[in-house]
Every structure is written in C-alpha cells, then in structure tokens.
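In this note's numbering, the protein residues as written are 1 to 414. Note that the Cβ used here is the ideal one computed from N, Cα and C, for glycine as well. Only one structure is covered here, and it is reproduced in the block below.
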C-alpha cells in the first residue's frame, strides 16, 4: 500500500511529458530525483527565507520643520479637520526643494508624515541643554583664542601678524565644523535604544478610561513615533507650503509629503468601531468676555499675528481682482483679524482639547494654551460653556513665568 501511495504522489507531481514516453527505464531513472524534490523542497525554502531575512536599521533626516500656530500639545486639536482655520507652513530644507514641490499646487490636500519629537520631554530637554552648553563653550573658546592672538599681535611685527591671521582662519573653520556635529540631535528608534510605549494598550479619550491596543488608535506614543495627518494646501511659494487645518505642533520634524488622491485615499465603505464615530463633547458653546475682546484687540494692534495673518496680504492687486477680492480698508481688516482669531479659538475649544484627567478631576480650573503669538486663558464657568476671559502676548507670559520661577528658587535658597 505504501508503494501505491508513493506512486500516486509521484504521478501527481510528474510532468505529463514524462509518461508520454514508452521507456520504463527513463521513469525509473527519474524517481529518486522526484522523491528528493518532494521531501526537501519545502524545508530548504523555509531555511533560506530565514537566512535571507535582513536586519534593518533605518536612518532618516527630516526634509524640514513644521511652523505651526500651536506651540505645544496643550490646546492642539486631535485632528486638523476639526480646526480648519488653523494655519501652518513647511519650508523644504533640502537640496532642490523648489524642484521637489513642482506640480504640488494642483492638489487641494496633502498627507504630512512627521515624527512625534516631544514624546520624551525630559530627554529632549537634556539634548537642548547639551546643545546650548556646547555653543557657550565654543563661544568662550573663540573669545579666549581672539584675546591670545591680540596679545601676540601687539608684540610681534607685521610679518608675524600675517601668519597669525592665517592661523585664526584655520582655527575658526575647525570650530565651526565641530559645533555642527555637537549641535546635532540624533533620535534613535532601534530595538535596543528606543523608548517603547509605557503600555502596549492605551486609553483613548473616547473610550472613557477603557484600554485598547496602541495599533488600533492614533496615540502619539508608539513603537516608532511616526505621525500621519491630512492638511489643506492653501498655496505653494517657491519651496514653502502654506497649510490650513493642522494638528501638528511647532518645530515638528517632517519626514515626507504626499498628495491626497480621492479615488484611492477615500473609502466610502470603510467601517470603524462605535467608539471612533463622532460623539458629543461636553463643550457646546464658547463665550468671550469684554476683557478678552479688549486684550485681543490690544495684542493685535501691538504685537500682531504671525501665521494667522490675512491670506490676501501676499496677493497683488491683479490677483485680488481675479479672485473677486476688492481692497479691504484698515478698519475692516482689523475686524477681520479679530474674527479670524476668535474663530480659531472657538474651533479648538469646541473640539475638546482637554485631557481626560482635566475633565474628570479639574473641570473648573483655569487653564490656557498658545495660539500663534498669543496665550489664551479660559475657564468653564457653567456646564457646556467654556469662557475666554483673558488674552496676552505669549512672550510676555513666558517672561513672567520665568521671573516667578526665579523668585521661587531664591525663596527656597533663603
């Protein structure tokens, strides 16, 4: 019976041309090779695949940094589509950046692939402090070298002065090359060196405390801290992209840009879990006090805006007439700036940017967030309504906080 089974397997795996020949000796000659092929082919392919599996280590440099109206994660919407008035831009900082963006202005939306660089804030602060200390040391070394050379120049003749000038040029060039290497912040994400997420399962705000796998969420804390977002492309100027509807903080490294193509990027039959679907938030309305309106007008007149400027400022008179945009008087322009700022703040607050901890434990506490050049201070005075009670310049706010910290440190020392 075993011989019959073997012959049946041989007949199934043999070529038809083999049995078309009448010679039986040819069949007997081929049987050992067929048996060897049957019993060894699968095992050898598996072994070779395991041997050929490479061990990748991927190193990338960003193509640019993102400039955003949001300076940190507090107050940044979780999806850019929720705050369509928010603004940002990317300057392509690589060779032939102008050629790389050619043709992109024909698309209305783009995918932005970026790196969550602020996940480990303590490590990032250490790296920035290291860079600052290196710059201070290099400046001190240059000042010492210049002082020594001045003393030598006073004592030496004119011929010796020429030799010292050549030495100064050589020393300055060497120091500049070393500072560039010292100022490089290298972010590693290998198996041995990366910081894995604290929990393989996370708690999204919409699950209200329940856990789910990190790959079923868009949590920034991932094995590889790569982010993906869709932005509206307002315009392209030389090597700079101007975007709206952003959810990326300022200074984020950009890895790649891809155009949004509706026929292949949109899937109308896609399904998602119930907890992902649109849910009502606790914030239903946003109010502005009289003090908030006054401080907003003062900041707009005194300090101005950066990325939230009016879009028609870059247009010529011919382009304005083509777009049916007439000249805007200064009074109307100020009113439009104020309305745009109020709209961005309203979109951000209605999207519920508060953390789960703040919503549950500190719902009535005052808090604030940075928006473009301003610091916006808000509070929930009644259920369902967030009230904006004060707005000030962010640099003034940061200086005041630094002074308060210095005073606290001095009191602690005393």
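Assignment of residue 307 by DSSP, reduced to helix, strand and coil, places it in the coil class. Cβ atoms of residue 63 and residue 92 come within 8 Å of each other, at about 6 Å.
For residue 356, the CB contacts under 8 Å within the same chain, skipping 5 residues up- and downstream, are 203, 205, 208, 209 in chain order. Counting every other CB atom within 10 Å of its CB across the protein chains shown gives residue 251 a total below 16, marking it as exposed. Between residue 70 and residue 249, the C-beta gap is smaller than 8 Å, which places the two residues in contact.
Per the Cβ contact rule, the segment 362-372 is not in contact with the segment 286-300 (fewer than 3 Cβ pairs under 8 Å). Residue 237: member of the beta strand (DSSP E) spanning 226-237, first to last residue.
Around the CB of residue 55, fewer than 16 other CB atoms lie within 10 Å, so the residue is classed as exposed.
Three or more beta-carbon pairs drawn from the segment 93-109 and the segment 221-238 are found closer than 8 Å, and the two stretches are therefore classed as touching. Of the candidates 380, 382, 348, 348 places its Cα closest to the Cα of residue 372.
With a contact defined as Cβ atoms closer than 8 Å, residue 59 and residue 369 miss out at about 34 Å.
Relative to the Cα of residue 274, the nearest Cα in the group 258, 216, 294 belongs to 216. The residues 115, 116, 117, 119, 189, in chain order, have a CB closer than 8 Å to that of residue 225 in the same chain once the five nearest residues on each side in sequence are set aside. Looking from the CA of residue 99, the closest CA among 350, 113, 240, 153 belongs to 240. For residue 256, the uninterrupted beta strand (DSSP E) run begins and ends at 252-259, by DSSP.
For residue 397, the enclosing alpha helix (DSSP H) covers residues 394-413. Distances from the CA of residue 381 to each of 268, 134, 282 were compared; the closest alpha carbon is that of 282. Rounded to whole angstroms, the Cβ separation of residue 308 and residue 137 is 39 Å, and the two are not in contact under 8 Å. C-alpha of residue 212 to C-alpha of residue 276: approximately 12 Å in a straight line. Looking from the CA of residue 236, the closest CA among 90, 403, 390 belongs to 90.
Its chain contains 85 as the residues whose beta carbon lies nearer than 7 Å to that of residue 343, once the 5 sequence neighbours on both sides are disregarded; these appear in chain order. Taken through DSSP and simplified to helix, strand or coil, residue 263 comes out as helix.
Residue environment analysis places residue 151 among the exposed positions, since fewer than 16 neighbouring C-beta atoms fall within 10 angstroms of its C-beta. Taking 8 Å as the cut-off, the Cβ atoms of residue 299 and residue 392 count as close. Listed in chain order, the non-local C-beta contacts of residue 227 below 6 Å within the same chain comprise 114, 116, local neighbours out to five positions each way being set aside.
Distance from the CA atom of residue 389 to the CA atom of residue 214, rounded to whole angstroms, is 37 Å. Assigned with DSSP and collapsed to three states, residue 343 falls in helix.
Residue 350 is not a Cβ neighbour of residue 296, given a cutoff of 8 Å. 8 Å or more divides the Cβ of residue 76 from the Cβ of residue 378.
DSSP places residue 380 in the strand class (E or B) of the three-state scheme.
For the pair residue 399 and residue 306, the Cα-to-Cα distance works out to about 19 Å. Separation of the CB atoms of residue 385 and residue 284 is rounded to 7 Å, and the pair is thereby assigned contact status at 8 Å. Taking a contact as a CB-CB distance under 8 Å, the pair residue 374 and residue 401 does not count as one, their CB atoms being some 15 Å apart. For residue 89, the secondary structure class from DSSP, reduced to helix, strand or coil, is strand. Its chain contains 88, 246, 248, 249, 250 as the residues whose beta carbon lies nearer than 7 Å to that of residue 68, once the 5 sequence neighbours on both sides are disregarded; these appear in chain order.
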